[in-house]
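K.L.:
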Amino acid sequence: MTTPSSSSLPASRLITELQSFGVRLADPRAGAPSRRGGAGPSDHKAMTVDGRTVMVPVHTAGAFSSPYIAEPPGADGASLVRRDGVAMGRVTFPRQPRFHALQTMDGIPYSKIAVLHGADVLATTVLQTCIRYQSRTKTCQFCSIGQSLAAGRTIARKTPEQLAEVARAAVLLDGVRHMVMTTGTPATPDRGAAILCESAAAVKAAVDLPIQGQCEPPDDDRWFARLRDAGIDTLGMHLEAVTPEVRARIMPGKASVPLERYYSAFEAAVPVFGRGQVSTYILAGLGDSREAILAMAERLIGMGVYPFVVPFVPVSGTPLEDHPAPPPAFMHDLLSAVGGMLKRAGMRASDSKAGCGKCGACSALSLFED
Numbered sequence: 002m003t004t005p006s007s008s009s010l011p012a013s014r015l016i017t018e019l020q021s022f023g024v025r026l027a028d029p030r031a032g033a034p035s036r037r038g039g040a041g042p043s044d045h046k047a048m049t050v051d052g053r054t055v056m057v058p059v060h061t062a063g064a065f066s067s068p069y070i071a072e073p074p075g076a077d078g079a080s081l082v083r084r085d086g087v088a089m090g091r092v093t094f095p096r097q098p099r100f101h102a103l104q105t106m107d108g109i110p111y112s113k114i115a116v117l118h119g120a121d122v123l124a125t126t127v128l129q130t131c132i133r134y135q136s137r138t139k140t141c142q143f144c145s146i147g148q149s150l151a152a153g154r155t156i157a158r159k160t161p162e163q164l165a166e167v168a169r170a171a172v173l174l175d176g177v178r179h180m181v182m183t184t185g186t187p188a189t190p191d192r193g194a195a196i197l198c199e200s201a202a203a204v205k206a207a208v209d210l211p212i213q214g215q216c217e218p219p220d221d222d223r224w225f226a227r228l229r230d231a232g233i234d235t236l237g238m239h240l241e242a243v244t245p246e247v248r249a250r251i252m253p254g255k256a257s258v259p260l261e262r263y264y265s266a267f268e269a270a271v272p273v274f275g276r277g278q279v280s281t282y283i284l285a286g287l288g289d290s291r292e293a294i295l296a297m298a299e300r301l302i303g304m305g306v307y308p309f310v311v312p313f314v315p316v317s318g319t320p321l322e323d324h325p326a327p328p329p330a331f332m333h334d335l336l337s338a339v340g341g342m343l344k345r346a347g348m349r350a351s352d353s354k355a356g357c358g359k360c361g362a363c364s365a366l367s368l369f370e371d
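Mapped onto our numbering, the consecutive letters of the sequence shown carry residue numbers 2 to 371.
1. Which whole-angstrom value is the C-beta distance of D222 and P190, which I expect to be below 8 Å?
2. Pairing CB atoms from the segment 202–214 with CB atoms from the segment 152–168, are three or more of them under 8 Å?
3. Among R14, G340, R83, which one has its Cα closest to the Cα of V24?
4. Return helix, strand or coil for L295, following the three-state DSSP convention.
5. When you compare the segment 272–279 with the segment 241–254, are there three or more beta-carbon pairs, one atom per stretch, that lie closer than 8 Å?
6. Answer with buried or exposed for G303, where buried requires no fewer than 16 other C-beta atoms within 10 angstroms of its C-beta.
7. Could you tell me the boundaries of the alpha helix (DSSP H) in which L228 lies?
8. Which of the three DSSP states is assigned to Q163 in this structure?
9. Suppose contacts are defined by Cβ-Cβ distances below 8 Å. Is K139 in contact with P253 by that definition?
10. Are A62 and P312 close, meaning C-beta to C-beta below 8 Å?
11. So, helix, strand or coil for Y134, using DSSP?
12. Would you report the Cα separation of S67 and G288, rounded to the nearest angstrom?
13. Which two residues bound the contiguous beta strand (DSSP E) that contains P58?
14. Below 6 Å CB to CB, which residues in the same chain sit around H324 once its five sequence neighbours on both sides are set aside?
15. Going by C-alpha to C-alpha distance, which of P74, G214, G286 sits closest to M180?
16. In whole angstroms, what is the alpha-carbon distance linking A157 and Q148?
17. Looking at the secondary structure, which residues open and close the beta strand (DSSP E) in which H239 lies?
18. Can you tell me whether DSSP reads T140 as helix, strand or coil?
19. How is H324 classed by DSSP in three states: helix, strand or coil?
20. Which of the three DSSP states is assigned to M180 in this structure?
21. Taking the alpha-carbon of I444 as reference, which of L103, F22, G32 has the nearest alpha-carbon?
22. Quick check on the DSSP output: what are the complete alpha helix (DSSP H) runs of length 4 or more inside the segment 307–371, in order along the chain?
23. List the endpoints of the continuous beta strand (DSSP E) containing L117.
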């Protein structure tokens with residue numbers, strides 16, 4: 002059998018389809034182990050498509066019935082991806098990072114403190130608990146931050162010393178190039194900014210690694226300068242949904258921080274971090290219309306904020322586990338439009354110093370900037 006040497010579909014189209022449908026794995030052991038539950042891209046597996054490492058759903062209900070299947074890797078490590086029996090392209094699977102095999106002096110595996118995302122990004126949830134998660138009447142309906150903690154795959158609070166130790170090892174052993182620090186929201190007015198400050202300062206003292214911090218907008222804009230001075234290079238404050246109606250339905254607790262506070266926080270943060278160095282996550286497929294997302298993206302870009310639009314992926318064990326992922330055609334059209342806006346504004350994911358937009362593993366958006 003002759004296999005194609007490159008994708009039969011353009012990379013942007015194939016990635017969009019794989020991330021919307023998910024993929025069935027003929028050999029689940031291929032590459033690094035996938036993650037179930039928890040913060041970040043859960044129920045996914047890292048795959049490399051045409052040199053670009055992306056996160057593809059493999060443990061979701063949609064993935065189990067996906068028309069895409071990845072065959073067992075061949076001798077060259079590449080796997081042929083077929084759709085309904087037709088070869089659509091080839092993928093490879095990044096290997097388990099070496100730092101995952103280490104543990105701290107007190108016996109905590111490094112992988113419980115931080116993990117590799119995409120190809121070269123170290124990611125951690127500094128605080129694995131959240132005031133929004135304690136009640137199903139307040140929790141974000143898509144969130145699974147407590148699952149990995151309950152399963153013993155992580156620890157509730159990563160100390161600055163632990164983060165510094167793991168970050169240094171990840172750079173030295175696996176060539177990690179930037180880091181994402183997110184956090185559950187604590188019951189404090191700073192909404193996690195203080196935790197990010199002490200964590201970033203410790204990492205920067207140990208290794209020269211660009212860092213993105215992610216938290217809800219703090220109550221006081223002075224936190225933005227404190228975050229920058231502590232070593233945070235880029236800041237993510239994530240909207241997820243863009244209309245009040247969807248926010249109230251999907252994330253009732255987080256919706257108590259109104260859109261107006263996000264807007265004022267973005268306006269205050271961009272002068273501190275720089276144009277394109279502040280970003281927000283937008284989950285397409287939660288109920289916001291194409292027009293609403295595009296209007297928000299236009300407003301954000303005008304403010305100097307990078308709108309990282311990603312397809313919603315239902316995670317097992319959450320209230321939205323049976324919610325359908327957005328159709329590939331919807332995502333392709335949406336990403337193409339947002340990519341055009343970014344191109345006209347001269348804003349590129351590659352110009353970001355650190356974070357989700359720079360990594361790009363959870364969305365094909367950056368491919369549409371060209």
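Each residue gets a CB set at the ideal place from its N, CA and C atoms; glycine is no exception. Note that this is a predicted model, so its numbers are computed, not measured.
P.N.:
Reading it off the structure:
1. The C-beta distance from D222 to P190 rounds to 12 Å, too long to meet the 8 Å contact threshold.
2. Yes: the two stretches touch, three or more of their Cβ pairs being nearer than 8 Å.
3. Nearest C-alpha to V24 among R14, G340, R83: R83.
4. Note: L295 maps to helix in three-state DSSP.
5. Under the 8 Å Cβ criterion, the segment 272–279 does not count as touching the segment 241–254, having fewer than three qualifying pairs.
6. Its Cβ having fewer than 16 others within 10 Å, G303 is exposed.
7. 223–231 is the span of the alpha helix (DSSP H), which, as asked, contains L228.
8. It is helical.
9. Yes, the pair counts as a contact, with Cβ atoms nearer than the cut-off.
10. Contact: no.
11. Y134: coil per DSSP, three-state reduction.
12. Rounded to the nearest angstrom, the gap between the Cα atoms of S67 and G288 is 22 Å.
13. If you look at P58, you'll find it in the beta strand (DSSP E) that goes 53–58.
14. Annotation for H324: P315 place their beta carbon closer than 6 Å to its own, counting only its chain and skipping 5 residues before and after.
15. The residue with the shortest Cα to Cα distance from M180 is G214.
16. If you draw a straight line from the Cα of A157 to the Cα of Q148, it is about 11 Å long.
17. First-last for H239: undefined, no H or E at that position.
18. T140: coil per DSSP, three-state reduction.
19. DSSP places H324 in coil when its eight states are reduced to three.
20. Three-state DSSP puts M180 in a strand.
21. The structure shown does not extend to residue 444, since the chain is modelled only from 2 through 371, so no value can be given for it.
22. Listed in chain order, they are 329–346, 357–360.
23. Residues 116–118.
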